Amino acid sequence: MQFPPVIVCINHGPATWYTNAAFAAHPSLSEGIELYDLLIRGGTVIDAAQGLNDVRDVAIADGKVAAIENNIEAESHEEVDAAGLIVTPGLIDMHMHAYWGVCCYGLDPDSINIARGVTTAMDCGSAGARTFPHFRRTVMERSDTRLYALLNISAMGIISPTIGELFDMRWARVDDAGEMGRQNGDLILGIKVRLSHHTIFMDDKLDALKRAIAAAEMFDGIVMVHVGDIETPLETLTRHLRPGDVVTHAFRQWGGVVSAERTVTDEIREAQKNGIVFDVGHGGGSCSFDTIETALAQGFYPDTISSDVSTLSVEGPVYDQVTTMSKFLHFGIPIEDVVRLSTLAPAEKMGIAEDLGSLAIGTTADVSILSVDDGDYTYMDAERKTTSASRKINSIETVKDGKRYRDWNR
41 MQFPPVIVCI NHGPATWYTN AAFAAHPSLS EGIELYDLLI RGGTVIDAAQ GLNDVRDVAI
101 ADGKVAAIEN NIEAESHEEV DAAGLIVTPG LIDMHMHAYW GVCCYGLDPD SINIARGVTT
161 AMDCGSAGAR TFPHFRRTVM ERSDTRLYAL LNISAMGIIS PTIGELFDMR WARVDDAGEM
221 GRQNGDLILG IKVRLSHHTI FMDDKLDALK RAIAAAEMFD GIVMVHVGDI ETPLETLTRH
281 LRPGDVVTHA FRQWGGVVSA ERTVTDEIRE AQKNGIVFDV GHGGGSCSFD TIETALAQGF
341 YPDTISSDVS TLSVEGPVYD QVTTMSKFLH FGIPIEDVVR LSTLAPAEKM GIAEDLGSLA
401 IGTTADVSIL SVDDGDYTYM DAERKTTSAS RKINSIETVK DGKRYRDWNR
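Here is the structure:
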């Protein structure tokens with residue numbers, strides 16, 4: 041039998057070169073059996089993009105998903121036994137704060153994301169036009185977590201928990217924000233504006249929202265509006281938003297999707313039908329179990345699940361994305377929908393679904409291996425109300441770009 045002169049197998053490290061003799065002597069190569077970098081065997085694959093919720097093997101080569109099928113007949117450099125576990129596209133947290141060392145809420149993104157199942161995250165407004173170049177250079181480009189950003193309409197971004205970034209509206213510079221977004225369109229996906237008593241004077245809130253929209257339109261970005269403790273009804277804000285724009289903290293106790301009369305109004309339902317995105321954004325002060333239960337009972341579901349994890353909430357009540365997902369599982373959203381709202385749904389809203397949020401063959405090999413564990417658990421909301429639960433989602437292992445992340449003490 042004749043063999044080609046050289047075969048190259050690229051692993052995570054240096055290339056391994058096979059000569060004619062080595063090729064002939066290696067059974068899996070000489071018999072034509074595929075050799076993958078990584079095989080994840082026997083897990084229940086949940087992938088909304090492909091309509092999958094069944095046991096499959098997932099093969100990875102060169103940082104891409106190479107095969108997904110039953111009982112893959114192949115060998116691999118590494119293998120993971122995922123029997124009894126859930127295998128999903130890499131989790132996407134659409135709202136967190138990663139500008140550590142500068143933003144008062146910023147966390148090291150790898151310690152809270154890659155370490156706990158999240159391969160892609162979006163920082164929401166930590167940096168503004170003045171500070172984004174530093175954020176990009178020192179955090180975004182140096183993190184293992186794949187980071188995107190929404191630029192704060194305030195040029196300073198978020199610096200202090202007590203001095204609001206829009207107390208002086210001269211910081212809300214439309215042209216500066218729009219130009220920064222245009223120059224960094226690979227990472228900046230839109231504009232963030234925070235509307236709370238601790239961030240802006242109430243007379244300026246609609247002006248700030250309009251400026252955020254104007255800046256986003258300069259580079260075809262989305263707008264995310266943080267709804268906080270303001271008297272303005274949410275319906276008033278959504279009238280200004282465009283399809284694809286995001287309301288985060290939508291399930292807060294007051295000012296969210298459930299009105300003071302504890303109903304989801306027809307106008308909010310119509311806004312969702314028209315493409316306004318209602319995101320969880322749990323955070324340390326913006327998610328209520330009462331609101332979640334009321335909204336779900338009335339048939340209103342979030343469009344995306346995000347943690348808004350920050351220095352204020354990383355030690356509770358948020359902790360991380362998988363804990364936030366666990367709360368919605370507890371309140372009755374099926375696991376396949378909880379996964380979809382943390383993978384495909386945010387990927388679509390962020391405009392990155394062509395390559396992320398799915399395990400389709402040829403897409404980037406971002407994978408989360410999760411367990412759903414039975415036990416006695418206590419969850420807390422942002423109002424410090426607790427509930428007892430019997431199930432919890434835990435992160436077992438994370439794969440990003442085909443690379444396994446198992447040692448969190450880097």
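Under my numbering, think of the first position of the sequence shown as 41, with each following residue one higher.
No residue lacks a Cβ here, since even glycine has one placed at the ideal position from N, Cα and C.
Just so we're clear, the structure is a prediction, and the values are computed from it rather than from any experiment.
Contact under 7 Å by Cβ, residue i with residue j
i	j	result
residue 175	residue 220	no
residue 378	residue 369	yes
residue 252	residue 233	yes
residue 347	residue 358	yes
residue 381	residue 345	yes
residue 291	residue 262	no
residue 255	residue 217	yes
residue 80	residue 143	no
residue 349	residue 317	no
residue 288	residue 322	no
Buried versus exposed call for residue i [16 or more other C-beta atoms within 10 Å across all chains shown]
i	result
residue 153	buried
residue 65	Bear in mind that a pLDDT of 39 at residue 65, under 50, signals an unreliable position, so the model cannot answer this.
residue 431	exposed
residue 442	buried
residue 213	buried
residue 202	exposed
residue 315	exposed
residue 334	buried
Interface flag, residue i vs chain C, CB-CB below 7 Å
i	result
residue 168	Annotation note: the requested chain C is absent from the structure, which comprises a single protein chain.
CA nearest to the CA of residue i, picked from the options
i	options	result
residue 351	137, 120, 84, 133	137
residue 122	145, 142, 98, 144	98
residue 328	87, 356, 293	293
residue 439	366, 251, 410, 274	410
residue 375	408, 337, 241, 433	433
residue 131	362, 324, 280	362
Boundaries of the beta strand (DSSP E) in which residue i is found, first to last residue
i	result
residue 430	426 to 440
residue 369	Premise fails: residue 369 lies in the alpha helix (DSSP H), 361 to 370, not in any beta strand (DSSP E).
residue 187	186 to 192
residue 253	Per DSSP, residue 253 belongs to no beta strand (DSSP E); it is in the alpha helix (DSSP H), 245 to 257.
residue 386	First-last for residue 386: 384 to 390, but that is the alpha helix (DSSP H), not the beta strand (DSSP E).
residue 265	262 to 267
Limits of the alpha helix (DSSP H) - the one that residue i falls within
i	result
residue 173	172 to 178
residue 331	329 to 337
residue 393	It is not in any alpha helix (DSSP H) - residue 393 carries neither H nor E in the DSSP assignment.
residue 151	149 to 152
residue 274	274 to 278
residue 88	Unbroken run through residue 88: none, as it is neither H nor E.
residue 375	375 to 380
(message) Under 8 Å, with one C-beta from each stretch per pair, do the stretch 235 to 254 and the stretch 193 to 213 reach the 3-pair mark?
(response) Taking 8 Å as the limit for Cβ pairs, the verdict is that the stretch 193 to 213 does touch the stretch 235 to 254.
(request) Determine, using beta-carbon pairs with one atom in the stretch 133 to 149 and one in the stretch 405 to 423, whether at least three such pairs fall under 8 Å. (result) no
(message) For the structure I just gave you, are there three or more beta carbon pairs, one from the stretch 303 to 318 and one from the stretch 401 to 410, closer than 8 Å?
(response) no
(message) Could you check whether the stretch 96 to 116 touches the stretch 357 to 374, counting it as contact only if at least three pairs of C-beta atoms, one from each stretch, sit closer than 8 Å?
(response) no
(message) Would the stretch 328 to 340 count as touching the stretch 286 to 301 if we require 3 or more Cβ pairs under 8 Å?
(response) yes
(request) Would you check if the stretch 149 to 164 and the stretch 110 to 126 touch, i.e. whether three or more CB-CB distances between them fall below 8 Å? (result) no
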